[in-house]
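Student:
Number of protein chains: 2
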Amino acid sequence: MEGAREVARAATIHAVAALAGVSPSTVSRALNSPGLVNAVTRQRVLESAEQLGYQPNRAARSLVLGRTSNLGLIVPDIANPFFTPFIKAVQAQVRQASYSLFLADTDEDVEVEVEAARAMAKQVDGMILCAPRMPGNRLRSIAVHTPVVIANRQSRTAPAVTMDIGPGVRQAVAHVHALGHRRCAFLSGPRGSWSNQQRLRFFTAACQAQGVELIVLGPFEPVFGGGYRGADEAVAAGVTAIFAYNDLVALGVMSRLNDRGIRVPGEMSVLGFDDIPMASMMNPPLTTVMMPITAVARASASMLLALLGGNGPPRPAAQELAARLVIRSTTESARPAGL
Amino acid sequence: MEGAREVARAATIHAVAALAGVSPSTVSRALNSPGLVNAVTRQRVLESAEQLGYQPNRAARSLVLGRTSNLGLIVPDIANPFFTPFIKAVQAQVRQASYSLFLADTDEDVEVEVEAARAMAKQVDGMILCAPRMPGNRLRSIAVHTPVVIANRQSRTAPAVTMDIGPGVRQAVAHVHALGHRRCAFLSGPRGSWSNQQRLRFFTAACQAQGVELIVLGPFEPVFGGGYRGADEAVAAGVTAIFAYNDLVALGVMSRLNDRGIRVPGEMSVLGFDDIPMASMMNPPLTTVMMPITAVARASASMLLALLGGNGPPRPAAQELAARLVIRSTTESARPAGL
DNA sequence: ACATGTTCCGCAAACGTTTCCAACATAGGG
DNA sequence: CCCTATGTTGGAAACGTTTGCGGAACATGT
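Chains as they are written, first to last, in the working numbering: chain A, 1 to 339; chain B, 1001 to 1339.
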């Protein structure tokens, strides 16, 4: 009967004005453009505001200002450790520019992705999209209304910051080649994912260039469990080294190989992709291609802020950062099969 | 010079009204209370809205309605895998109730915690706080203005949902006792953390009750690296089993023990806390106390939604869910020292 | 034909801000 | 002493919605 517990009704600018004995306009000015109001009046206003615990109503402010001071970030999966440094870096930068951040996770689902983006677009000034699966036209329909920066994927629709995996992939292939591996497997990630297509393409090219036979398997779920099946198929295919779509599946592969009594790196070399924090903590620590994800986050955030700053589209409408190989302990010389 | 790239100015309700040949009020009603408007007019309005790509202005709506349809969630650390199931579950439930979610991470820092909460409070209808370090008075000053549910921590200020670690801890101690361990270490987490104090208290009580000597060490950082030092100190203390503050440090402990050539569980039993996804994937898989974190998330979200639903404070103003031990492969019979 | 009820719709106020404009006071220059 | 520039303030409009109130149109019962 009593309805929702009545939270103390927030003080408005009028209340502050009344208490300070000035008009609401003066209060607004005292708070937002200190230069325009007499110092002693200002002090009085500030005290009244403090006393009443005045907090400006964001909705009213947004309404007249036409902006929300909120930014959005969409990532495929919060649980994927690959994204956590990304999220943290974006959040830090955004907060420093005194914006708040909306974060949404799409469970790696295209429909959720566009739905989340659409819903978010209505209440932010701009957003960073890390949406590897969203079709181009959907993306465009959003970018028309809202300033958008695309992360980790190329785009002609909006400014994008991507990673150039070329150097890392070539280093990886050169590394296994130098160790004597001649027949390797690539464990694909989700079929529709742009990242997967890109990785597959570069591995194919690098292997061909360096004379390594590449067996491509999959697709597998880009999670730990995906590595189980991947390991089995790779073993069946008789390869001596495995390039996993990402570190998570590499970890799954190692676990499965261990279960089957196949020693890493003694009998099978395993390479990951991404260099998530966990990679260096595994036993043995994982050799992997390090993605400069934090740098991407910073660049994306800067780009978005520049876009909103009204300085026109940022100079480089696209930016690309290089990945590189990190050699740890899951790669070793190939041994002749059967030994 | 040209200013920010001018995004197409959004269509207002007036534009839709004009196109449909009705008044703005009718448009509003057609969209929000279909029953109050004639079916054919409604159809006309809907078509006009569609044609113009009309999206209601959230700020204006919030202003008159007095609510934002946004909820907030504050967690100490997104990178901590313990929280990812929590975040996901909250997000799913919140979205289902057609709210959007603001997510903030506080880097385990008290100041950031209260600052984030304060900033967030201004633009959400309610929030879930997972803030183990926030002082009670700060918490109260926020809960006065905004409906709040506290997760994973007791509170007399706001409705809370906590986990009862008692059963899990007692099972863990009984387990190692049954295996013959009589001298164990507890690796403490952050000193100020409520969780840590709680875990320490329960382990102390359970060990005393069951006749196990407990050496408490630390505090250690609640991350992987924290386990390195923890492992060394535990070995130095001459214990045969280690209770880690959480799974992350347990993983660090295992890694460090492995480096030092100390076999787990052969020479040292290790128990974690939380049962993060990774725990079951380690090699060997970790024996740990499982926290019902997803259940907590669901309960918190339901509680908050009930609070907002205006049904008054939800029936149980506090709720408690039980933790339990999950036995895997890092615990084994104690061997006489020196063998 | 009239009274009464129902259905549908428009008018206008309200939400809490910001900001343009005008008004006033004061000071300074001629 | 007047004119103008400057500094400070209040009034009022505007942002885009929702909603209470009243009126028009129409149907129904007498």
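C-beta atoms are modelled at their ideal positions from N, C-alpha and C, and glycine is treated no differently.
(1) Select from the stretch 1076–1097 of chain B all residues with a C-beta closer than 7 angstroms to any C-beta belonging to chain A, and list them in chain order.
(2) Please return the same chain residues whose Cβ sits closer than 6 angstroms to the Cβ of residue 1019 (chain B), not counting the five positions on each side in sequence.
(3) Could you work out which residue in A:72, A:172, A:204 is closest to residue 324 (chain A) when comparing CA atoms only?
(4) With burial defined as no fewer than 16 other Cβ atoms inside 10 Å of the residue's Cβ, what is the status of residue 1272 (chain B): buried or exposed?
(5) Could you check if residue 335 (chain A) is buried or exposed, using at least 16 other CB atoms within 10 Å of its CB as the buried criterion?
(6) Please decide whether residue 1158 (chain B) counts as near chain A, where near means a Cβ-Cβ distance under 8 angstroms.
(7) Three Cβ pairs or more, each shorter than 8 angstroms: is that satisfied between the stretch 259–274 of chain A and the stretch 229–241 of chain A?
(8) What did DSSP end up calling residue 1328 (chain B) once you bin it into helix, strand or coil?
(9) Counting only C-beta atoms, is residue 183 (chain A) closer than 8 angstroms to chain B at any point?
(10) Apart from the five residues on each side of it in sequence, which residues of its chain come closer than 6 angstroms, Cβ to Cβ, to residue 1218 (chain B)?
(11) Below 8 angstroms, can you find three or more Cβ-Cβ pairs linking the stretch 1177–1196 of chain B to the stretch 1126–1135 of chain B?
(12) In three-state terms, what does DSSP make of residue 1127 (chain B)?
(13) Residue 1013 (chain B) lies in the alpha helix (DSSP H); which residues open and close that run?
(14) Using a beta-carbon distance below 8 angstroms, is residue 30 (chain A) in contact with chain B?
(15) Counting only C-beta atoms, is residue 255 (chain A) closer than 8 angstroms to chain B at any point?
(16) Taking only beta carbons into account, state which residues of the stretch 100–111 of chain A come closer than 9 angstroms to chain B, listed in chain order.
(17) Indicate whether at least one CB of chain B lies closer than 8 angstroms to the CB of residue 68 (chain A).
(18) Between B:1158, B:1303, B:1294, which lies nearest to residue 1322 (chain B) when the distance is taken from Cα to Cα?
(19) If you draw a straight line from the alpha carbon of residue 1089 (chain B) to that of residue 1095 (chain B), how long is it in whole angstroms?
(20) Which residues does DSSP pair with residue 1319 (chain B) in a beta bridge?
(21) Are the CB atoms of residue 103 (chain A) and residue 128 (chain A) within a distance shorter than 8 angstroms?
(22) Can you pull the chain A residues whose beta carbon is under 7 angstroms from the beta carbon of residue 1062 (chain B), in chain order?
(23) Tell me the DSSP secondary structure of residue 1032 (chain B) in three-state form.
(24) Would a check of beta-carbon distances place residue 1281 (chain B) closer than 8 angstroms to chain A?
(25) Confirm the yes/no value for this check: CB of residue 32 (chain A), any heavy atom of the ligand FMN, distance under 7 angstroms.
(26) Taking a Cβ distance cut-off of 8 angstroms, strictly less, list which residues of the stretch 126–147 of chain A are near chain B, in chain order.
(27) Where in the stretch 1204–1261 of chain B do unbroken runs of the beta strand (DSSP E), each at least 3 residues long, occur, reported from the N-terminal end onward?
(28) Work out the CA separation of residue 75 (chain A) and residue 105 (chain A) for me, nearest whole Å.
(29) Evaluate the contact criterion for the stretch 1141–1155 of chain B versus the stretch 1287–1307 of chain B: three or more CB pairs, one atom per stretch, below 8 angstroms.
(30) Do you know whose CA, among B:1073, B:1108, B:1156, B:1178, lies nearest residue 1126 (chain B)'s CA?
(31) Nearest to residue 279 (chain A) by alpha carbon, out of A:80, A:146, A:45?
(32) Determine the chain A residues that contact residue 1258 (chain B) at a beta-carbon separation under 8 angstroms, and present them in chain order.
(33) What does residue 985 (chain B) touch in chain A if you count any residue whose Cβ is under 7 angstroms from its own?
(34) Mind checking if residue 340 (chain A) is an interface residue toward chain B, Cβ cutoff 8 angstroms exclusive?
(35) For residue 1262 (chain B) and residue 1291 (chain B), what's the separation of their Cα atoms in angstroms?
(36) Based on the DSSP secondary-structure assignment, which residues constitute the bridge partners of residue 202 (chain A)?
Tutor: Taking the structure as given:
(1) 1078, 1079, 1084, 1087, 1088, 1091
(2) As a working note, residue 1019 (chain B) is residue 19 in the second sequence. For residue 1019 (chain B), the CB contacts under 6 angstroms within the same chain, skipping 5 residues up- and downstream, are 1048 in chain order.
(3) Sequence index remark: in the first sequence, residue 324 (chain A) carries index 324 (1-based). Closest by alpha carbon: A:172.
(4) For the purposes of this step, residue 1272 (chain B) is identified with residue 272 of the second sequence, where counting begins at 1. Classification for residue 1272 (chain B): buried.
(5) Within the first sequence, the letter at position 335 stands for residue 335 (chain A). With fewer than 16 other Cβ atoms within 10 Å, it is exposed.
(6) Residue mapping note: residue 1158 (chain B) aligns to position 158 of the second sequence, counting from 1. Cβ-Cβ to chain A under 8 angstroms: no for residue 1158 (chain B).
(7) yes
(8) One-based indexing of the second sequence puts residue 1328 (chain B) at position 328. DSSP places residue 1328 (chain B) in coil when its eight states are reduced to three.
(9) Within the first sequence, numbered from 1, the residue matching residue 183 (chain A) stands at position 183. Taking Cβ atoms only, chain B never reaches closer than 8 angstroms to residue 183 (chain A), which makes this a no.
(10) Translated into positions along the second sequence, residue 1218 (chain B) becomes position 218. Closer than 6 angstroms at Cβ, skipping near neighbours: 1187, 1188.
(11) Contact between the stretch 1177–1196 of chain B and the stretch 1126–1135 of chain B is present, because at least three Cβ pairs lie under 8 angstroms.
(12) Mapped onto the second sequence, residue 1127 (chain B) falls at position 127. Strand, per DSSP.
(13) Against the second sequence, residue 1013 (chain B) aligns to sequence position 13. Per DSSP, the unbroken alpha helix (DSSP H) holding residue 1013 (chain B) starts and ends at 1013–1020.
(14) The residue labelled residue 30 (chain A) in the question sits at position 30 within the first sequence. Not an interface residue.
(15) For the purposes of this step, residue 255 (chain A) is identified with residue 255 of the first sequence, where counting begins at 1. Yes - at least one Cβ of chain B is within 8 angstroms of the one on residue 255 (chain A).
(16) 100, 101, 102, 103, 104, 105, 107
(17) Indexing the first sequence from 1 puts residue 68 (chain A) at position 68. It does; some Cβ of chain B falls within 8 angstroms.
(18) Within the second sequence, the letter at position 322 stands for residue 1322 (chain B). Nearest C-alpha to residue 1322 (chain B) among B:1158, B:1303, B:1294: B:1294.
(19) Residue 1089 (chain B) sits at position 89 when you count from the first residue of the second sequence. Residue 1095 (chain B) sits at position 95 when you count from the first residue of the second sequence. Answer to the nearest angstrom: the Cα atoms are 10 angstroms apart.
(20) To locate residue 1319 (chain B), count along the second sequence from 1; it is residue 319. DSSP, once it has assigned bridges, lists B:1161 as partnering residue 1319 (chain B).
(21) As a first step, residue 128 (chain A) must be located in the first sequence, where it is residue number 128. As a first step, residue 103 (chain A) must be located in the first sequence, where it is residue number 103. No, these two residues do not count as a Cβ contact at 8 angstroms.
(22) In the second sequence, residue 1062 (chain B) corresponds to position 62, counting from 1. Under the 7 angstroms cutoff, chain A gives 59.
(23) Taking the first residue of the second sequence as 1, we reach residue 1032 (chain B) at position 32. In this structure, residue 1032 (chain B) counts as helix in the three-state DSSP scheme.
(24) Against the second sequence, residue 1281 (chain B) aligns to sequence position 281. Interface residue, yes.
(25) In terms of ligand content, the structure shown is empty, and the ligand FMN therefore cannot be addressed.
(26) So the list reads 144, 145, 146, 147, given in the order they occur along the chain.
(27) 1213–1217, 1241–1244
(28) Taking the first residue of the first sequence as 1, we reach residue 105 (chain A) at position 105. Taking the first residue of the first sequence as 1, we reach residue 75 (chain A) at position 75. Answer to the nearest angstrom: the Cα atoms are 5 angstroms apart.
(29) yes
(30) Along the second sequence, one-based indexing puts residue 1126 (chain B) at 126. The shortest C-alpha separation from residue 1126 (chain B) is found at B:1073.
(31) Within the first sequence, residue 279 (chain A) is the residue found at index 279, counting from 1. For residue 279 (chain A), the nearest C-alpha among the options comes from A:80.
(32) Residue 1258 (chain B) sits at position 258 when you count from the first residue of the second sequence. Simply 283.
(33) Any answer about residue 985 (chain B) is impossible in this case: the structure gives chain B only from 1001 up to 1339.
(34) One cannot answer for residue 340 (chain A) here, as it falls past the ends of chain A, which runs 1 to 339.
(35) For the purposes of this step, residue 1262 (chain B) is identified with residue 262 of the second sequence, where counting begins at 1. For the purposes of this step, residue 1291 (chain B) is identified with residue 291 of the second sequence, where counting begins at 1. Each residue's alpha carbon lies about 28 angstroms from the other.
(36) Locating residue 202 (chain A) in the first sequence gives position 202, counting from the first residue. DSSP, once it has assigned bridges, lists no residue as partnering residue 202 (chain A).
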